[in-house]
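Asker: Please find one structure pasted underneath; my questions will follow.
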Amino acid sequence: MTQAPQDDPTPTVQSASPPVNVDNLFKQLRRKEGTWVEWGQACQILQKAGYTPQVIFEESGFEPIHQNQVIVGAQVYASILAAGVSEATKTHFEHKGSDVLYELRVLSQAERAAVAELALTKNLDLDEAREAAKAVKGFAWLSSVPEGFTNHPGDAIAYQVWKLARQKSDLQERSRLIAKGLRFAHSDSARQKIEQLLTDFTVVPATLAPSLPVYRLEEAEDLPRILPVVGKFPLTRADLQAVPLVEEIEPFSMVTFSGTAAWVPVPGWQVVQLAEDAIAILGNSNALPTPLAGKVEDVLIVVDRAQRQWDASSYFLIEQADQLQLQWFAEPPEIPLLGRVILVVRPKKVLDENYTRDPWQIDE
Numbered sequence: 361m362t363q364a365p366q367d368d369p370t371p372t373v374q375s376a377s378p379p380v381n382v383d384n385l386f387k388q389l390r391r392k393e394g395t396w397v398e399w400g401q402a403c404q405i406l407q408k409a410g411y412t413p414q415v416i417f418e419e420s421g422f423e424p425i426h427q428n429q430v431i432v433g434a435q436v437y438a439s440i441l442a443a444g445v446s447e448a449t450k451t452h453f454e455h456k457g458s459d460v461l462y463e464l465r466v467l468s469q470a471e472r473a474a475v476a477e478l479a480l481t482k483n484l485d486l487d488e489a490r491e492a493a494k495a496v497k498g499f500a501w502l503s504s505v506p507e508g509f510t511n512h513p514g515d516a517i518a519y520q521v522w523k524l525a526r527q528k529s530d531l532q533e534r535s536r537l538i539a540k541g542l543r544f545a546h547s548d549s550a551r552q553k554i555e556q557l558l559t560d561f562t563v564v565p566a567t568l569a570p571s572l573p574v575y576r577l578e579e580a581e582d583l584p585r586i587l588p589v590v591g592k593f594p595l596t597r598a599d600l601q602a603v604p605l606v607e608e609i610e611p612f613s614m615v616t617f618s619g620t621a622a623w624v625p626v627p628g629w630q631v632v633q634l635a636e637d638a639i640a641i642l643g644n645s646n647a648l649p650t651p652l653a654g655k656v657e658d659v660l661i662v663v664d665r666a667q668r669q670w671d672a673s674s675y676f677l678i679e680q681a682d683q684l685q686l687q688w689f690a691e692p693p694e695i696p697l698l699g700r701v702i703l704v705v706r707p708k709k710v711l712d713e714n715y716t717r718d719p720w721q722i723d724e
């Protein structure tokens, strides 16, 4: 029998519905009984019951990455049913296509339903579904619908292909993109825009994304130590005892205390001094809109919330699917901008972290 997190010999999950026996869920996963949607629901119930993805893998054979795919895919499937899709689309994705639906997770409920219909009609594979989701998401950011195109996901893909084809001087590559655009174009006007490229060979240079404003900390002085402030004399012992314990968190010497705030030291460079409402966000170098070369490491992203006016040479903080993201826009977007990225700080390289801990070495 499967061992529960609390070693309960008869593990069950309590909810508003009757208790669910997790042994039955593991048995269902091991035997692959039911649909993949039910597998995703079973994995989610088990995770909420306290079972880690690794334990679920050992008990069922579902690898953690597969668990995540079917869990998210099942959530997307439920959302497209709520939005309303054809019976053919409902039936198709009930039995296969978890990988395709997983790629639609970044879209709104209505967009997911529309792209799911398109995925069935055009028989999209995993990569094409990812490309379609990216095109629809980018299309939604535009301040207005481009001339000749509509909000249909097929036209959104056709628009992205149309833009890309106009940037190509190689006729073979251009022809391939035109054929792709014609495959997805939904409206007659979008089809006409694509067909115009058959006789118009004008090459429109691509608008390249700007480089991120990256700086690597090099000097020890660039990492000032944060100290708590007791106050101004005269002070009492109670004032001293009220100061919270500060613990530095590497690699940027961020500090926290028992309250709800945290601080991080940033040198007083001009770009930081000029910021009216600067905030700091921790991230990874490979998760930026333009991933940084070299090894994956923590980075500190400084955003000025007062700078919300679009310009094509900057990255901005936005909200997408209830999450904060960084994004560059070649054109003014329709969604609100929450602040401009003014600095991305890399940590100081340390060749020997223990070197400065030995006083005798410092004395020399």
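When the count follows this note's numbering, it moves up by one through the sequence shown with no breaks and lands on 724 for the last residue.
A virtual CB, placed ideally from N, CA and C, is assigned to each residue, including glycine.
1) Please determine, among Gln-683, Leu-642, Trp-522, Gln-469, the residue with the shortest C-alpha to C-alpha distance to Ala-303.
2) Give me the residue from Asp-560, Asp-485, Asp-582, Thr-481 with the minimum Cα distance to Ser-458.
3) Sorted by chain position, which residues of the same chain lie with C-beta nearer than 7 Å to Ile-695's C-beta, five sequence neighbours on each side aside?
4) If you draw a straight line from the C-alpha of Phe-499 to the C-alpha of Ser-549, how long is it?
5) For Arg-534, does the count of other Cβ atoms within 10 angstroms reach 16, so buried, or fall short, so exposed?
6) Which residues bound the alpha helix (DSSP H) around Tyr-519?
7) Based on the DSSP secondary-structure assignment, which residues constitute the bridge partners of Phe-676?
8) Classify Asp-383 as helix, strand or coil using the three-state DSSP reduction.
9) Can you grab the Cα-Cα spacing for the pair Gln-374 / Ile-609, in whole Å?
10) Between Ala-622 and the rest of its own chain, which residues show a CB-CB distance below 7 Å, the 5 nearest in sequence each way excluded?
11) If I measure Cβ to Cβ from Ala-376 and keep anything under 6 Å in the same chain, skipping five residues before and after, which residues do I get?
12) Name, in chain order, the residues that DSSP records as bridge partners for Pro-693.
13) Let me confirm a value: His-455 is counted as buried when at least 16 other C-beta atoms fall within 10 Å, else exposed. Which label applies?
14) Could you tell me whether the Cβ atoms of Val-521 and Lys-540 are closer together than 8 Å?
15) State yes or no: is the C-beta of Pro-413 within less than 8 Å of the C-beta of Gln-404?
16) Are the CB atoms of Pro-506 and Ser-674 within a distance shorter than 8 Å?
17) Do you know how far the Cα of Val-590 is from the Cα of Arg-597?
18) Out of Asp-383, Phe-422, Val-380, Glu-418, which has the shortest C-alpha to C-alpha gap to Gly-400?
19) With the cut-off set at 8 Å, would you say Val-701 and Val-659 are in Cβ contact?
20) Could you spell out the range, first to last residue, of the beta strand (DSSP E) harbouring Asp-658?
Answerer: Let me lay it out:
1) Only positions 361 to 724 of the chain appear in this structure, which leaves residue 303 out of reach.
2) Asp-485
3) Answer for Ile-695: Trp-501, Ile-678, listed in chain order.
4) In this structure, the CA atom of Phe-499 is about 17 Å from the CA atom of Ser-549.
5) buried
6) Element bounds for Tyr-519: 513 to 526.
7) BP columns for Phe-676 point to Gln-687, Arg-700.
8) DSSP places Asp-383 in helix when its eight states are reduced to three.
9) Confidence at Gln-374 is low in this model, with a pLDDT of 46, below 50, so the placement of that residue should be treated as unreliable; the coordinate-derived value is given next. Whole-angstrom Cα-Cα distance: 38 Å.
10) Met-614, Val-615, Thr-616
11) Residue placement at Ala-376 cannot be trusted, given a pLDDT of 42 that sits under 50; what the coordinates show is reported in the next sentence. Cβ neighbours of Ala-376 beyond the five flanking positions: none.
12) Leu-502
13) exposed
14) yes
15) no
16) no
17) 10 Å
18) Phe-422
19) no
20) For Asp-658, the enclosing beta strand (DSSP E) covers residues 658 to 664.
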